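Down below is the structure, laid out as structure tokens.
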Amino acid sequence: MSALKKRITYLQGLALGLNISIHSAEGKVLVYMIDILADLAEMVTKIQSEQDDFKIYVDSIDDDLTSLENMVYVTLGQKVITGGMTVQNDDTGTFIAERNGEACFKAKD
């Protein structure tokens, strides 16, 4: 349970302990405000969880992009192994990508 949810639960307990009546105007307002706070805490918790998932997804995209950059920016005569794939740009300007020893992409400058 998040610290925010704990604090709101504590506040709800205080309200119950004070025997706040929902039959008075002030009691209705306080009880309604505490309920809204509880709903907001739930939403914040959900948003935090989704943000954590989103961060993991963006980090994954960043890793994939780095692998792609390593494949694309291979300079002449250089050989790079990335993401299980061997990428090289031979002396004739031919760009070759291989996986498990088999060419899966070949292009000439």
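Each residue of the sequence shown is one higher than the one before, counting from 4 in our numbering. Backbone N, C-alpha and C define an ideal beta-carbon position, used for all residues, glycine too. Note that this is a predicted model, so its numbers are computed, not measured.
Here DSSP, grouped into helix, strand and coil, assigns Ile37 to helix. Ile23 sits in coil when the DSSP states are folded into three classes, being neither helix nor strand. With a beta-carbon spacing of about 11 Å, Ile23 and Leu14 fall beyond the 8 Å limit used to define contacts. Ala44 is classed as buried because its beta carbon has at least 16 other beta carbons within 10 Å across all chains shown.
Annotation: Ile99 to Glu105 spans about 10 Å, alpha carbon to alpha carbon. Its Cα nearest to that of Ile11, the residue Ile37 stands out among Ile37, Glu29, Ser52. Take Ala18, set aside five residues on each side of it, and the residues of its chain with a beta-carbon closer than 8 Å to its own are Leu33, Val34, Ile37, in chain order.
Partner residues in the beta bridge of Arg102, as assigned by DSSP, are Glu105.
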